[in-house]
Each structure stands twice: as C-alpha cells, then as structure tokens.
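Going from the sequence shown to the working numbering is simple: count from 1 and add 29. Just so it is clear, CB atoms sit at the ideal spot from N, CA and C, and this is done for glycine as well. As the structure is a prediction and not an experimental result, all values here were calculated from the model. To start, the structure itself, in structure tokens.
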Amino acid sequence: MTDVAQLEPWQWPEEHWRGLVNHVRAGQAYRPTTWKDGARCAFALSFDSDHETNELRDGGKSIGRMAWGQYGARVGVPKILDLLARHSVPASFFVPAVTALLYPDEQRRIVSEGHEIGIHSWIHELNSVLPYGAERDLMM
Ligand SMILES: [Zn+2]
C-alpha cells in the first residue's frame, strides 16, 4: 500500500483530497435571507500593510524590493486612507509587527480614523511552514 505522505498532490487518490477539503468545510450557510437596512449585499475591506517585510521575510536586501515596500507606506496606505475617509468606509489593516515598528505613525493614523488593525505575523513569515511553537512565540 502506498503511503500518501510520500505522494505529490497530483498523485493523491480522490479519497485523500476529498477528505482534506471536507475536513474544513463549513456545515451551514451563513448568508441571511435579507441584509440589514435592505442592503443588496455585505462586504469587508481588508488591506495588508506589509511594506518592506516581504523582502525582509525572504532574507533579502534588494533595494528595489525595499523601495517597493516603502512605496506602500509613503504613498499606498495614505491614498487608501484618504479614499476610505472620503466614503466613510471602515476597513481592516493586517500589519506585521515589524511594519508597525517601522511605521508607528501609520498605525496611529489607521486607528485614529476608525479602522482596525489585525495581527499579520512578526516579519511576514510564512506561517504555513513554521513549527507551531515558533509561530506561537512570534505572535506573542
Ligand atoms: Zn501580507
């Protein structure tokens, strides 16, 4: 008998991939029959303020990628915040801790304008490949 752990995903038997999908399926639909105040739909806006952490996470020192990340802090987030304010729309910003340390004023502005900040790792590390204990330590 073949050990599924030794197989590549494209080699998995149907029973295996169906089991993985069914393991995380929600049991019921949460869509209400009507939305509040007769709205046609509901939505959430969320943004990742990763900035330079994409490059840092990979151990890189690319000036170009760092500049790309800094553009998010200098131009991207302020433009998003201005747009959200113009339309009075609250949003969620997911921020790596290192980003928050690099740009504390950005975080203050996000919160002061009525948005929420969610944890988004320490340095944008790939949580899916971290040991549980390391992920927990970084979150704490
Ligand atoms: Zn991200």
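DSSP, reduced to helix, strand and coil, places aspartate 77 within a strand of the structure shown.
In the DSSP annotation of this structure, the continuous segment of the beta strand (DSSP E) that includes serine 121 starts and ends at 121-124.
Around the Cβ of serine 78, a 10 Å sphere holds 16 or more other Cβ atoms; the residue is buried.
Spatial neighbours of tyrosine 132 in its own chain (CB-CB distance under 6 Å, excluding positions within 5 residues in sequence) are listed in chain order as Ala102.
Taking a C-beta distance under 8 Å as the contact criterion, glutamate 145 and asparagine 156 do not qualify as a contact pair. Shortest Cα-Cα distance from arginine 69 to any of Asp32, Arg60 and Glu154 involves Arg60.
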